[in-house]
Amino acid sequence: MRSPADRIRHALLFEIFALLIAVPGGMLLFGLEMKDMGVIAVGGATIATLWNYVYNWGFDHLMARWRGTTRKTPLIRVGHAILFEVGILLLLLPFIAWWLGISLWEALLMDVGMAIFYVVYAFVFNWAYDRIFPAPEWDAAKTQAEA
8 MRSPADRIRH
18 ALLFEIFALL
28 IAVPGGMLLF
38 GLEMKDMGVI
48 AVGGATIATL
58 WNYVYNWGFD
68 HLMARWRGTT
78 RKTPLIRVGH
88 AILFEVGILL
98 LLLPFIAWWL
108 GISLWEALLM
118 DVGMAIFYVV
128 YAFVFNWAYD
138 RIFPAPEWDA
148 AKTQAEA
């Protein structure tokens, strides 16, 4: 299982790289000023960082309990990314509507657009992160399989 320090590194790297892509992309896509997109992105990243830590901790515990490992198949990675985005969508919707002074429906449409980006981004980022920083038990399982 990943350590708390590893989970914090994961969450922070995830959000830093996302901000570098999402702020300019959101400005272009939604026609927002830097200030508005920046507040939405940074506020959203703050909420998402906390959600990321809690969500991945819970997901790994469920995986370890149900499957005996935290190693994710491609199908589980797709489900992992989608479930993460559904949760963050529900958390961010009121914030976006309030900050921009728009209806919940308008905020939902904007949030869905951002969620599509983040589903793909989460899939790619998490796959890369797992390859660069494999969980400790994966090395132990690999060593046992080779013995």
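Position one of the sequence shown corresponds to residue 8 (the numbering used here), numbered consecutively onward.
Every residue gets a Cβ at the ideal spot worked out from N, C-alpha and C, and that includes glycine.
- Runs of the alpha helix (DSSP H) spanning 4 or more residues and lying entirely within the stretch 27-80 occur at 41-74, in chain order.
- In the three-state scheme derived from DSSP, where H, G and I count as helix and E and B as strand, Gly120 is classed as helix.
- Straight-line spacing of the CA atoms in Tyr62 and Gly38 works out to 31 Å.
- If you draw a straight line from the Cα of Asn59 to the Cα of Leu98, it is about 12 Å long.
- Between Trp64 and Arg14, the CB-CB gap stays under 8 Å.
- Across the structure, Pro81 and Phe140 are spaced so that their CA atoms are roughly 17 Å apart.
- Straight through space, the alpha carbons of Phe91 and Glu40 are spaced by roughly 27 Å.
- Sixteen is the threshold: when 16 or more other Cβ atoms of the shown chains lie within 10 Å of the Cβ of Arg9, as they do, the residue is buried.
- Looking at the backbone, the Cα of Val85 and that of Phe130 are separated by about 7 Å.
- Approximately 6 Å separates the beta-carbon atoms of Ala52 and Leu26; this is inside 8 Å, confirming the contact.
- With fewer than 16 other beta carbons inside 10 angstroms of its own, Gly108 counts as exposed.
- Each residue's CA atom was taken as its position, placing Met121 and Ile83 some 22 Å apart.
- Just so you know, the alpha carbons of Phe132 and His87 end up roughly 12 Å apart.
- Taking C-alpha positions only, Leu36 is separated from Gly75 by approximately 42 Å.
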